[in-house]
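The structure under discussion appears below in the form of structure tokens.
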Amino acid sequence: MSSNQGSNPDFGGNKKDPKKGFRFNIYWVYILIAAVLIGLQMFKGFTPEALPTTQRVFEDSMLMKGYVEQYTIIKNKDLVRVTLKPQAFADSAISRPFTDSRLPIDKLKGPHFQFSVADHKSFDERIQKLTEEHPELTGKPVAKYEVEESWLTPIISLLLPVLVLVGLWVLLMRKMNPGGGPGGPGGGGIFNIGKSRAQLFEKGTKVNVTFQDVAGLDEAKVEVMEIVDFLKNPKKYTALGGKIPKGALLVGPPGTGKTLLAKAMAGEAQVPFFSISGSDFVELFVGVGASRVRDLFKQAREKAPCIIFIDEIDAIGRARGRNAIVSNDERENTLNQLLVEMDGFGGDTGIIILAATNRPDVLDAALLRPGRFDRQISIDRPDVKGREQIFNVHLKPIKVSETLDVHKLAEQTPGFAGADIANICNEAALIAARKGKPAVDMSDFQDAIDRVIGGLEKKNKLISPEEKEIIAYHEAGHAICGWYLEHAYPLLKVTIVPRGTAALGYAQYTPKEQYLYNTDQLLDQICMTLGGRASEDIFFGKISTGAQNDLQQITKMAYSMVSVYGMNEKVGNVSFYDPNQENTFTKPYSDETAKLIDEEVRKLIDGAYSRTKELLSDKKEAVEKLAKALLEKEVLFQSDVEALIGKRPYEAKKILEDVHTPES
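Everything in the sequence shown is counted per this note's numbering, starting at 1 for the first residue and increasing by one.
What follows is the structure, given as structure tokens:
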């Protein structure tokens with residue numbers, strides 16, 4: 001959405017900011033002043049130009065020949081400047097350096113030469129001694145002593161620290177507010193740090209996302225489109241005495257399309273649309289969050305009727321006072337200001353708040369009450385029909401094969417959100433391009449689904465034949481349990497190809513789209529999950545670490561059955577589930593009940609394990625067939641399993657029931 005900011009002149013688009021240009025010119029002035037100061041500091045005083053020489057040349061070629069009229073010792077610099085008599089320039093050794101340097105001898109009054117000495121006191125004593133030892137020298141040179149102070153040195157020593165501090169301050173302010181213009185994401189500087197960072201989409205602003213790009217969210221789209229209609233035709237709803245809702249909360253798991261729906265709303269709405277993230281209110285300085293909330297609603301009132309969208313509102317909307325140890329006063333002040341603003345304007349102002357979160361359980365109760373967020377729009381993971389629509393949207397820019405079955409893809413991706421489906425489509429296109437195919441076919445999508453579920457295929461992972469055999473029997477145990485248990489999910493594929501960081505093989509099933517599970521269904525799921533461990537025990541007489549993930553799943557499922565769903569006779573019809581997770585440090589039951597829960601969970605899992613071993617012992621021949629086929633082919637599909645051990649009995653039973661129904 002940020003790419004559309006430039007099309008809005010009110011929010012720092014192509015329109016030039018005069019303040020920004022002025023600040024740019026000031027920086028060049030600073031640079032120019034610094035360059036002048038450094039240049040003056042490096043300039044060697046205001047004395048006439050003097051050629052460099054050495055102390056030896058001075059003594060032998062100038063002093064001993066009587067050419068020196070005066071020499072000046074600069075005490076604080078250990079420097080000697082020499083002024084010669086006019087007749088000295090008749091000597092070619094003296095005049096040649098000036099000729100080579102193209103300096104006019106007749107106009108140069110002096111000093112003519114200069115050189116450095118190690119110690120000016122020692123030099124002075126040596127010159128005095130030389131003149132005393134040679135009384136024949138005509139016209140003894142005049143010696144002068146000076147201390148040369150630069151007027152620029154104290155100025156630079158005073159101004160340089162100030163300039164450094166000013167530069168660091170300006171740099172810090174630019175880093176804290178990188179956006180620039182007023183109302184834009186930067187706030188325009190330190191004095192505008194309390195300004196809202198909301199991005200405004202005016203009427204007529206082009207947004208690339210529309211409701212046509214949102215698939216599988218039909219009910220949510222109807223709700224959102226109705227909110228837009230509230231603002232377009234308010235009299236239609238207020239004529240009967242009703243009030244326009246003040247806010248709507250989009251709730252759903254990550255990747256289901258909450259932000260996408262808001263983007264489509266910005267593209268479709270013919271009213272101003274403010275978009276901001278919850279974290280944009282949080283800042284280093286105290287009071288900035290509340291100030292930005294006030295500024296956001298001030299801008300919204302000026303643009304009303306309009307919509308404000310706050311993404312990830314749980315960043316500032318968490319419940320207050322739940323944990324005093326880690327409380328954040330600044331975040332609570334921001335939330336308090338938001339609560340006041342949402343309930344502080346009349347119902348006829350035409351401002352609707354739209355927010356999105358995947359953590360509704362942590363939001364403050366005052367934020368969710370009617371009058372603030374009147375509606376909660378649930379955006380769940382799509383069903384088969386919704387997934388098929390989402391696949392069709394994401395397959396538009398992809399060259400797909402004519403034989404691609406989109407409905408079958410939707411059936412093979414239960415529980416996948418819109419973001420997951422978009423990832424699968426992209427991965428399939430990359431896999432097909434890597435293989436040099438002209439179009440993406442079903443096998444590429446199968447590989448993409450495997451990669452998303454199980455991870456990257458590890459072709460170079462070295463597995464010993466003994467380990468490979470254990471993996472094959474483990475996965476065959478899962479597959480046979482799922483094949484012969486009535487309430488288990490139908491098998492789709494079983495493989496022993498290593499994937500990801502830890503998966504050495506896996507069995508993929510096609511879960512049914514259902515919301516309620518009975519005891520028999522859950523027990524069959526536990527038995528199917530224990531099939532790998534039971535198969536290892538039966539065929540090798542020992543168990544391996546390969547069932548770690550399986551044991552985690554069944555433990556969680558068994559404890560849920562006993563302590564959450566009330567599916568145990570001894571524990572009873574009670575549920576210890578705490579949706580708000582308020583009892584973090586205390587258990588809502590006694591130690592005796594905890595012991596009873598542990599005993600019943602262990603009894604449930606032990607019973608399921610015995611049942612699984614009994615089933616696999618009866619179907620031992622089928623397990624061996626499947627394991628040997630896996631060792632040979634590494635991947636088996638449902639049709640391969642049917643060819644090896646026959647059709648799944650419960651599917652055949654269902655077909656017979658359909659054939660012998662009275663209607664037939």
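Backbone N, C-alpha and C define an ideal beta-carbon position, used for all residues, glycine too.
Once DSSP output is grouped into helix, strand and coil, what is the label at R381? Looking up residue 381 in the sequence shown gives position 381. Coil, per DSSP.
Kindly provide the ranges of any alpha helix (DSSP H) runs that are 4 or more residues long and lie completely inside the region 590-652, ordered along the chain.
-> 591-618, 620-633, 638-645
Alpha-carbon spacing of G454 relative to G289, whole angstroms:
Against the sequence shown, residue 454 aligns to sequence position 454. Against the sequence shown, residue 289 aligns to sequence position 289. Approximately 43 Å between the Cα atoms of the pair.
| message | Tell me the rounded alpha-carbon separation between D420 and N426. | response | The residue you call residue 420 lines up with position 420 of the sequence shown. The residue you call residue 426 lines up with position 426 of the sequence shown. Approximately 10 Å between the Cα atoms of the pair.
query = Whose C-beta lies closer than 7 Å to the C-beta of S535 among residues of the same chain, with five residues either side of it excluded?
reply = For the purposes of this step, residue 535 is identified with residue 535 of the sequence shown, where counting begins at 1. Answer for S535: Y473, H474, A476, G477, L616, V623, listed in chain order.
**Prompt:** Do the region 405-412 and the region 369-378 meet, that is, are 3 or more Cβ pairs less than 8 Å apart?
**Reply:** no
Inter-residue Cα distance where the pair is E632 and K647
Counting from one through the sequence shown, the residue named residue 632 turns up at place 632. Counting from one through the sequence shown, the residue named residue 647 turns up at place 647. In a straight line, the C-alpha of E632 is about 21 Å away from that of K647.
Next item on the list: Look at the alpha carbon of I645 and the alpha carbon of P414, and state the distance between them as a whole number of angstroms.
Entry: The count along the sequence shown starts at 1 and reaches residue 645 at position 645. The count along the sequence shown starts at 1 and reaches residue 414 at position 414. Distance between the alpha carbons of I645 and P414 is about 26 Å.
Query raised in the report: When the distance is taken between beta carbons, is L250 closer than 8 Å to A355?
Result: Residue numbering aside, residue 355 sits at position 355 when the sequence shown is read from its first letter. Residue numbering aside, residue 250 sits at position 250 when the sequence shown is read from its first letter. Taking 8 Å as the Cβ cut-off, A355 and L250 qualify as a contacting pair.
Practice problem: Would you tell me roughly how many angstroms separate the C-alpha atoms of S61 and V147, rounded to the nearest one? | Solution: On the sequence shown, position 61 is the one that residue 61 refers to. On the sequence shown, position 147 is the one that residue 147 refers to. Between S61 and V147, the C-alpha separation is close to 27 Å.
Handout entry: Alpha carbon of L636 to alpha carbon of A547, nearest angstrom
Key = Counting from 1 along the sequence shown, the entry for residue 636 is found at position 636. Counting from 1 along the sequence shown, the entry for residue 547 is found at position 547. Their backbone Cα atoms lie some 21 Å apart in a straight line.
Which residue marks the beginning of the beta strand (DSSP E) containing K493, and which one marks its end? For the purposes of this step, residue 493 is identified with residue 493 of the sequence shown, where counting begins at 1. 491-495 is the span of the beta strand (DSSP E), which, as asked, contains K493.
> Taking C-beta to C-beta, are L217 and G267 nearer than 8 Å?
Replying inline: Position 217 of the sequence shown holds residue 217. Position 267 of the sequence shown holds residue 267. Taking 8 Å as the Cβ cut-off, L217 and G267 do not qualify as a contacting pair.
Please confirm if the region 267-279 is in contact with the region 291-308, defined as three or more CB-CB distances below 8 Å between the two stretches. yes
* To do: Determine the closest residue to Y484 out of P397, K619, A448, with distance taken between C-alpha atoms.
  => As a first step, residue 484 must be located in the sequence shown, where it is residue number 484. It is K619.
By the 10 Å Cβ neighbour count, where 16 or more other Cβ atoms means buried, how is N4 classified, buried or exposed? Mapped onto the sequence shown, residue 4 falls at position 4. With a pLDDT of 41 at N4, under the threshold of 50, the predicted position of this residue should be treated as unreliable, and no value is reported.
Point to revise | Own chain residues within Cβ distance below 8 Å of G347, not counting five before or after | key: The residue labelled residue 347 in the question sits at position 347 within the sequence shown. Caution applies to G347, whose pLDDT of 49 falls short of 50 and renders its modelled position unreliable; the value that the coordinates give is listed next. K243, I244, K246, listed in sequence order.
So is K236 buried or exposed if we call it buried at 16+ other beta carbons inside 10 Å? For the purposes of this step, residue 236 is taken as residue 236 along the sequence shown, with counting starting at 1. The residue in question, K236, is exposed, as its Cβ has fewer than 16 Cβ neighbours within 10 Å.
* Just the Cα atoms here: how many angstroms apart are F191 and W169? -> Position 191 of the sequence shown holds residue 191. Position 169 of the sequence shown holds residue 169. Only weak support is given to the placement of F191: the predicted model assigns it a pLDDT of 49, under 50, and the question is left unresolved by the model.
Check: Per DSSP, I116 forms a beta bridge with which residues?
Finding: As a working mapping, residue 116 is identified with position 116 in the sequence shown. Looking at the sequence shown, residue 116 is not Ile but Ser. Beta-bridge pairing links S116 to L79.
- Write down every uninterrupted run of the alpha helix (DSSP H) in the region 386-428 whose length is 4 residues or greater and which is fully enclosed by it, in chain order. 406-411
C-alpha distance - E115 paired with K65, whole-angstrom precision = In the sequence shown, residue 115 corresponds to position 115, counting from 1. In the sequence shown, residue 65 corresponds to position 65, counting from 1. Here the sequence assigns Phe to residue 115, which means Glu is not the residue at that position. Taking the straight line from one Cα to the other gives about 18 Å.
Next item on the list: Give me the Cα-Cα distance between M567 and I276, rounded to the nearest whole angstrom.
Entry: The count along the sequence shown starts at 1 and reaches residue 567 at position 567. The count along the sequence shown starts at 1 and reaches residue 276 at position 276. M567 and I276: Cα-Cα distance of roughly 45 Å.
Where does D746 sit, in a helix, a strand or coil, going by DSSP? With the chain covering only 1 through 664, there is no way to say anything about residue 746.
*For my contact list, D119 and D91 are in at a C-beta cut-off of 8 Å; report their separation, rounded to the angstrom.*
Start at 1 with the first residue of the sequence shown, and residue 119 comes out as number 119. Start at 1 with the first residue of the sequence shown, and residue 91 comes out as number 91. About 29 Å; that fails the 8 Å criterion.
query: Can you tell me the Cα-Cα spacing of L130 and P52, whole angstroms?
result: Locating residue 130 in the sequence shown gives position 130, where the first residue counts as 1. Locating residue 52 in the sequence shown gives position 52, where the first residue counts as 1. If I take the Cα positions, the gap works out to 22 Å.
Among Q389, A88, V564, nearest to P214 - alpha-carbon criterion: Reading the sequence shown from its first residue, position 214 is the one you call residue 214. For clarity, residue 214 is Val in the given sequence; the question names Pro instead. When each option's Cα is compared against that of V214, the closest is Q389.
Report task. May I ask you to report which of helix, strand or coil DSSP gives I156? Result -> Looking up residue 156 in the sequence shown gives position 156. Looking at I156 - three-state DSSP - the assignment turns out to be helix.
Buried versus exposed call for Y515 [16 or more other C-beta atoms within 10 Å across all chains shown]
Position 515 of the sequence shown, counted from the start, is the residue given in the question as residue 515. It is exposed - the Cβ of Y515 has fewer than 16 other Cβ atoms within 10 Å.
Any C-beta of chain D sitting closer than 8 Å to the C-beta of K633?
No chain D is present in this structure, which holds just one protein chain.
Practice item. Please go through the same chain and pick out, in chain order, the residues whose beta-carbon is closer than 6 Å to the beta-carbon of P649, but skip the five residues on each side of it. Key: As a first step, residue 649 is located in the sequence shown; it is residue number 649 there, counting from the start. So no residue of the chain qualifies.
Is it right to say Y577 is buried, meaning 16 or more other beta carbons lie within 10 angstroms of its own, or is it exposed?
Counting from 1 along the sequence shown, the entry for residue 577 is found at position 577. Looking at its Cβ environment, which holds fewer than 16 other Cβ atoms inside 10 Å, Y577 is exposed.
Going by alpha carbons, who is nearest to Q525 out of F201, L604, S544, S464? In the sequence shown, residue 525 corresponds to position 525, counting from 1. Minimum Cα distance to Q525 is reached at L604.
Counting only runs of 4+ residues fully inside the region 207-285, write out the alpha helix (DSSP H) ranges in chain order.
218-232, 234-238, 258-268
task: Determine the DSSP secondary structure at V564, reduced to helix, strand or coil.
output: Your numbering for residue 564 matches position 564 in the sequence shown. Reduced to three states, the DSSP call for V564 is coil.
- prompt: Going by DSSP, which residues form a beta bridge with P52?
  reply: Sequence index remark: in the sequence shown, residue 52 carries index 52 (1-based). According to DSSP, which records beta bridges pairwise, P52 is partnered with Q114.
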